[in-house]
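2 protein chains.
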Amino acid sequence: MYRIGELAQRYEVKTDTLRFYDKHGLLIPSSRSESGYRIYTEADAERLRFILRAKAIGFSLTDIAELLSIELDKSNWACADVKGVVDIKLADVEAKIAELNYFKASLQRLSDACCGGPESAEHCSILEALESNSSAVKCENQTHDHDQSHYGKNCQNRP
Amino acid sequence: MYRIGELAQRYEVKTDTLRFYDKHGLLIPSSRSESGYRIYTEADAERLRFILRAKAIGFSLTDIAELLSIELDKSNWACADVKGVVDIKLADVEAKIAELNYFKASLQRLSDACCGGPESAEHCSILEALESNSSAVKCENQTHDHDQSHYGKNCQNRP
DNA sequence: TATAACCTTAGAGTTGAATCTAAGGTCAAG
DNA sequence: CTTGACCTTAGATTCAACTCTAAGGTTATA
Chain G
22 MYRIGELAQR YEVKTDTLRF YDKHGLLIPS SRSESGYRIY TEADAERLRF
72 ILRAKAIGFS LTDIAELLSI ELDKSNWACA DVKGVVDIKL ADVEAKIAEL
122 NYFKASLQRL SDACCGGPES AEHCSILEAL ESNSSAVKCE NQTHDHDQSH
172 YGKNCQNRP
Chain U
22 MYRIGELAQR YEVKTDTLRF YDKHGLLIPS SRSESGYRIY TEADAERLRF
72 ILRAKAIGFS LTDIAELLSI ELDKSNWACA DVKGVVDIKL ADVEAKIAEL
122 NYFKASLQRL SDACCGGPES AEHCSILEAL ESNSSAVKCE NQTHDHDQSH
172 YGKNCQNRP
């Protein structure tokens, strides 16, 4: 039997968060004290661990609510249902990774083309790439010239 | 010279979005008509292209505002400033990718351990993993047994 | 019995990037 | 001269997942 503060401390969440989970039906404490304090049982704590674990794996609270409703009524669901939730999330995460890898490549191309030195940005290849219509990034040694050796191995696309 | 609707259509954004960019200082139209209509010039359109390109690369509107303020006053900034913005974003994107890869691995482990069949979820290894305290995912063939050949090459962690 | 540390509630605020609503003004075509 | 497509504004709403505030009630300890 825990009060909200104890449970919060034990699982390193804010009491606000537990109240939020209560209000949204994810974790409604098994009972209340006479004065209205939330009383959490060990089973409630288990449910919280389930929530936190699922959250750590990347599920949204909506996903978790779905998982919990299956969990509470397992025998009326099939493995396929559960795996479905996981696989949708997996596809989701994979799509996000692909998108971010695309961003990363774009940023890397920009970064590599720029000397990063104290020179004026008037001929900065990053700004020029953002101004131009093409997706090509021109290297800076073609526009302002300086001793690039100071600034590391930039501009991967030089001849 | 474009009115808001024309510019919006040309670049496939909503007029709302352009008004939002106006209000937030990202793209203030060069002039207004007598009746107060926003009038965008070709230079404004160019600036919009800059914004959209930067957005596609994954910059937030705040990042873009910074990039634009450098762009407008290039000669008073160094390449290092510009590259700084890009490199911070790059680190950011890399961190997000790493986190998502971690999520992906967790989800993959869960998915692989579950048969995904029409069997009752009572012994579903996904739910069991979420219930248990360990991060290990036990394979289902140890709990409910069925002809797994129907459901593909699941449960990578079997003996 | 007073003080501090707890607990309660309803409701507002946060972030980012729009998107929507209401109430109204402008303009070209028929 | 009216219809409909456009434009204006301020301000509200959306999404997720909290986080915070104000105003007050409870409980353990000195």
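The listed protein sequences correspond, in order, to chains G and U.
When you line the first sequence up against my numbering, it's residues 22 to 180, in that order.
When you line the second sequence up against my numbering, it's residues 22 to 180, in that order.
Heads up, the beta-carbon is just placed ideally off N, CA and C, and yes, glycines get one too.
From a predicted model like this one, the values you see are computed outputs, not experimental measurements.
- Contact of G:K159 with chain U by beta-carbon distance below 9 Å is absent, the smallest such distance being about 14 Å.
- DSSP places G:N97 outside any alpha helix (DSSP H), giving it a letter other than H or E.
- Within the stretch 99-115 of chain G, A99, C100, A101, D102, V103, K104, V107, D108, K110, L111, V114 and E115 place their CB atoms closer than 7 Å to a CB of chain U, listed in sequence order.
- Classified as exposed, U:K35 has fewer than 16 neighbouring CB atoms from the shown chains inside 10 Å of its CB.
- Taking 9 Å as the cut-off, the Cβ atoms of U:V158 and G:L128 do not count as close.
- By the Cβ-count criterion, G:E140 is buried, with 16 or more other Cβ atoms from all chains shown falling within 10 Å of its own Cβ.
- Per DSSP, the unbroken alpha helix (DSSP H) holding G:A66 starts and ends at E63 to A77.
- At a C-beta separation below 8 Å, G:L28 has no neighbours in chain U, since its nearest C-beta there lies roughly 16 Å away.
- Distances from the alpha-carbon of U:E143 to those of G:D102, G:K117 and G:E152 put G:D102 closest.
- Its chain contains D84, I85 and L88 as the residues whose beta carbon lies nearer than 8 Å to that of G:A75, once the 5 sequence neighbours on both sides are disregarded; these appear in chain order.
- Under DSSP, U:R59 forms a beta bridge with U:R53.
- Spatial neighbours of G:D43 in its own chain (CB-CB distance under 6 Å, excluding positions within 5 residues in sequence) are listed in chain order as I49.
- In the structure shown, the three-state DSSP call for G:S141 is strand.
- No residue range can be given for G:E161, since it is assigned to no alpha helix (DSSP H) and is classified by DSSP as neither H nor E.
- DSSP places U:Y23 in the strand class (E or B) of the three-state scheme.
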